[in-house]
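Novice: Residue numbers (this note's numbering): 1450 to 1763.
In this text, a Cβ means the ideal position worked out from N, Cα and C, and glycines have one as well.
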Amino acid sequence: MADVKQTTDGKTKLSLIHVPFGLGAGRPGNEAGPESMMQAGLLRQLRKTAYELATETKIKGDFRPAPGSPDSAGEGNLKHLPEVVEMGRQVANHVSQAANRGELPLVLGGDRSVTIGVLAGLAAAGKRTGVIYFDAHAGLHAEAGSPTGGIGGMALAVALGYAKLGLSDIADNADGTAVDKRNVVLIGVRDVEPEERELILAEGITVFTMHEIDRLGVEQVIRRAVEIAGDGTEGIHVSFSADCLDPMEAPGVGMQVPGGLTYREAHFACELLAETGRVRSIDMVEVNAMLDESRRTARLAIGLIASLLGKRIL
1450 MADVKQTTDG KTKLSLIHVP FGLGAGRPGN EAGPESMMQA GLLRQLRKTA YELATETKIK
1510 GDFRPAPGSP DSAGEGNLKH LPEVVEMGRQ VANHVSQAAN RGELPLVLGG DRSVTIGVLA
1570 GLAAAGKRTG VIYFDAHAGL HAEAGSPTGG IGGMALAVAL GYAKLGLSDI ADNADGTAVD
1630 KRNVVLIGVR DVEPEERELI LAEGITVFTM HEIDRLGVEQ VIRRAVEIAG DGTEGIHVSF
1690 SADCLDPMEA PGVGMQVPGG LTYREAHFAC ELLAETGRVR SIDMVEVNAM LDESRRTARL
1750 AIGLIASLLG KRIL
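1) For my contact list, Val1563 and Val1734 are in at a C-beta cut-off of 8 Å; report their separation, rounded to the angstrom.
2) So Ala1747 packs on Ser1485, CB below 8 Å; how close in whole Å?
3) Just confirm the distance between the C-beta atoms of Val1585 and Val1638, as a whole number of angstroms; I'd bet it's less than 8 Å.
4) Assuming Ala1620 contacts Ala1541 under a Cβ cut-off of 8 Å, what Cβ separation, rounded to an integer in Å, is found between them?
5) Keeping to the same chain, check which residues put their C-beta closer than 8 Å to that of Thr1457; ignore five residues upstream and five downstream.
6) Less than 8 Å between the C-beta atoms of Gly1579 and Gly1679, yes or no?
7) May I ask you to report which of helix, strand or coil DSSP gives Gly1637?
8) Helix or strand or just coil, what does DSSP make of Ala1522?
9) For Ser1756, count neighbouring Cβ atoms within 10 angstroms of its own Cβ and tell me buried if that reaches 16, exposed if not.
10) Inspect the beta-carbon positions of Leu1589 and Ala1606 and report whether they are closer than 8 Å.
11) In angstroms with no decimal places, state the Cα-to-Cα distance between Gly1752 and Gln1494.
12) Given a cut-off of 8 Å, decide if Ile1508 and Gln1539 are closer than it, judged by their beta-carbon atoms.
13) In the structure shown, what three-state DSSP assignment does Pro1531 receive?
14) Which residue marks the beginning of the alpha helix (DSSP H) containing His1660, and which one marks its end?
15) Taking 8 Å as the threshold (C-beta atoms), are Val1670 and Glu1661 in contact?
16) Considering just the uninterrupted stretch of the beta strand (DSSP E) at Tyr1500, what are its terminal residues?
17) Among the candidates Glu1683, Gly1473 and His1686, whose CA atom is the shortest distance from the CA of Met1536?
18) Nearer than 7 Å: is that true of the beta carbon of Gly1510 relative to any heavy atom of the ligand SAH?
19) How about Thr1461 and Leu1553: do their beta carbons lie closer than 8 Å?
20) So Gly1559 and Gly1471 are supposed to be a Cβ contact under 8 Å. How far apart are they, rounded?
21) Which residue wins for smallest C-alpha separation from Phe1689, given the options Ala1699, Gly1681, Lys1576 and Gly1599?
22) Can you give the Cα-Cα distance for Arg1727 and Gly1684, rounded to whole angstroms?
23) I'd like to check one pair, Ile1600 with Val1533: are the Cβ atoms closer than 8 Å?
24) Which residue wins for smallest C-alpha separation from Ala1608, given the options Leu1530, Thr1711, Gly1759 and Asp1629?
25) Using beta-carbon positions only, say whether Gly1551 and Ala1738 come within less than 8 Å of one another.
26) Straight-line CA distance for Val1468 to Glu1647?
27) Using three-state DSSP, classify His1590 as helix, strand or coil.
28) How far does the alpha helix (DSSP H) with Tyr1712 in it reach, from first residue to last?
29) From Ile1581 to Ile1762, what does the alpha carbon distance come to, in whole angstroms?
30) Let me confirm a value: Met1697 is counted as buried when at least 16 other C-beta atoms fall within 10 Å, else exposed. Which label applies?
31) Between which two residues does the alpha helix (DSSP H) holding Gln1694 run?
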């Protein structure tokens, strides 16, 4: 993964990757998230940052399961495994190519399973990456422990090697050590299954729940997160699920969990991350267009992307 490159006018190159995929979630609507964010004005927001759109691609494929086919793909109780793997391979290919060209990959999902492809692509690019993972949920279900079979609930388990499915199943040249648990930080978590809680405590994975955010404040949480994710890594990937936000702010998500980040807390967190200069890639997932009245969630999501890319009021 090359360092991000600048254009002649000082702007940094950005690769925009659309992933209209929703089979990793429990209900439809996430597949329309990328288009909803575009319709909400993403390109207009990007023009207000120090980034210039260099390439734009859309993951292709009819990812609808065949009529009458079972949800389970035969690996434990996983649903739509072949489709998730095919989507992930395409995402990983585009992400690794963008990173190797020196462009910042900005990936629009889609459900949380999209993040598996993103992290596989970053691993395939050959650099060690820290991950700051904003989500209401831990994403640490393995195949046997998944209560729903939705692969979107397994994103971090796959990336960290706690599931049978691994990043090397998504990208052939993905380095299995590229994402290290010591450089992964979860933020905004408030809905954790008992098995995930045991794994977090046993493995020493850093989690800042909403309790820690209330107690420490956003600034202290982000500064600690950057220290951990950036320790010995060559950049930080920011993975942002819209359900990290409070449903009063962002109702258009598939699994609402009360008590999430407020509008200002989320923007402040993204502004602080941008100030570090260490963000090398971003994914924004779990915007459910079917549940998003007047594109409230999509508009907030693209505003947060702009903040991550350094947009300021003055």
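Specialist: Straight from the coordinates:
1) 5 Å
2) 4 Å
3) In the sequence as displayed, the identity of residue 1585 is Ala instead of Val. At roughly 7 Å, the Cβ-Cβ gap stays under 8 Å, so Ala1585 and Val1638 are in contact.
4) 4 Å
5) Residue confidence is low: Thr1457 scores 49 on pLDDT, short of 50, so the model does not pin down where it sits. No coordinate-derived value is stated.
6) yes
7) strand
8) Confidence is the limiting factor: at Ala1522 the pLDDT is only 44, short of 50, which leaves the residue's position unreliable and the question unanswerable from this model.
9) buried
10) yes
11) 7 Å
12) yes
13) helix
14) Met1659 to Leu1665
15) yes
16) Tyr1500 to Lys1507
17) Gly1473
18) No copy of the ligand SAH appears in this structure; indeed no ligand is present at all.
19) yes
20) 7 Å
21) Ala1699
22) 5 Å
23) yes
24) Asp1629
25) no
26) 32 Å
27) coil
28) Tyr1712 to Thr1725
29) 24 Å
30) exposed
31) The identity of residue 1694 in the sequence shown is Leu, whereas the question assumes Gln. It is not in any alpha helix (DSSP H) - Leu1694 carries neither H nor E in the DSSP assignment.
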